[in-house]
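S.K.: All residue numbers for the sequence shown refer to the working numbering, where the first residue is 104 and numbers rise by one. Ideal Cβ positions, reconstructed from N, Cα and C, are used throughout, including at glycine. Please read these numbers as outputs of a predicted model, since none were measured by experiment.
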Amino acid sequence: MHTRYVVSMDGSDVELRIGQPLPGILSQLAQTVGTENAGLAVITACNPYSTPTPEDQNQARQAVLATLLGWHDAWDVFAAEGISEDGGWSEPSFLVVGIERVMAESIGRCFQQNAVVFALPGGLPELRCCI
104 MHTRYVVSMD GSDVELRIGQ PLPGILSQLA QTVGTENAGL AVITACNPYS TPTPEDQNQA
164 RQAVLATLLG WHDAWDVFAA EGISEDGGWS EPSFLVVGIE RVMAESIGRC FQQNAVVFAL
224 PGGLPELRCC I
C-alpha cells in the first residue's frame, strides 16, 4: 500500500511520501534541526499494530501522544494525516521536526506502532520498524 502523509502547515497542506525528496518547506525545516542525528518523523498513536481501533480510543491515544510531543522544547510539532493511495484509509498523525531516529522509533514502540516515517536533512523519508 502506498501512503501519502499530508502535513498541515501555515494554512496549507504539504505532502510527504516514502522514498521521495522532501518538499521544499519540509526540507528547509529539516535543515534547521541543529544536530546531525536529528530530522523529522511522522508518528501516530492510532490503531496499535495496525489493528482497527474504535475512534474514541484512537482519539485518547492521540491526545496522550500530543502531550508527550509537546513536552520537548526542541521539537516543532505539526498535525498530519496518513492517507492510503486509494483514499480508503486515513489515520491522524503528527510531524515532529528535530527528533532523532532512535527517539522516533522508541515513541512508535511505546504506542505499539509497526513503523514510523523518518528522514534526515537531505535524506529521503523512509519507514523505520518499531517492533
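Label TRP174 either buried or exposed according to how many other C-beta atoms from any shown protein chain fall within 10 Å of its C-beta, with 16 as the threshold for buried.
M.R.: The count along the sequence shown starts at 1 and reaches residue 174 at position 71. When all chains shown are included, TRP174 counts as exposed.
S.K.: Given a cut-off of 7 Å, decide if GLY201 and CYS233 are closer than it, judged by their beta-carbon atoms.
M.R.: By one-based count along the sequence shown, residue 233 stands at place 130. By one-based count along the sequence shown, residue 201 stands at place 98. No, the pair does not count as a contact, with Cβ atoms beyond the cut-off.
S.K.: So, LEU129 versus VAL145, is the Cβ gap smaller than 7 Å?
M.R.: What you label residue 129 is simply residue 26 of the sequence shown in a count that begins at 1. What you label residue 145 is simply residue 42 of the sequence shown in a count that begins at 1. No, the Cβ-Cβ distance between LEU129 and VAL145 is not below 7 Å.
S.K.: Which residues mark the beginning and the end of the beta strand (DSSP E) in which ASP116 is found?
M.R.: Position 13 of the sequence shown holds residue 116. From DSSP, the beta strand (DSSP E) with ASP116 extends over 115-120.
S.K.: Should ALA133 be labelled buried (16 or more other beta-carbon atoms within 10 Å of its own) or exposed?
M.R.: Mapped onto the sequence shown, residue 133 falls at position 30. Under this definition ALA133 is a buried residue.
S.K.: Considering only the alpha carbon of each residue, which of GLU194, SER196, VAL220 and PHE197 lies closest to VAL205?
M.R.: Sequence index remark: in the sequence shown, residue 205 carries index 102 (1-based). For the residues GLU194, SER196, VAL220 and PHE197, the minimum Cα distance to VAL205 belongs to VAL220.
S.K.: For GLU203, report the span of its beta strand (DSSP E) as first-last.
M.R.: Residue mapping note: residue 203 aligns to position 100 of the sequence shown, counting from 1. Segment 193-203, the beta strand (DSSP E) holding GLU203.
S.K.: Where do the N-terminal and C-terminal ends of the alpha helix (DSSP H) with THR170 fall, by residue?
M.R.: As a position in the sequence shown, residue 170 is number 67, starting the count at 1. Counting along the chain, the alpha helix (DSSP H) containing THR170 begins and ends at 158-173.
S.K.: Going by the CB atoms, is the gap between ALA182 and SER111 shorter than 7 Å?
M.R.: Against the sequence shown, residue 111 aligns to sequence position 8. Against the sequence shown, residue 182 aligns to sequence position 79. Yes, they are a contact pair.
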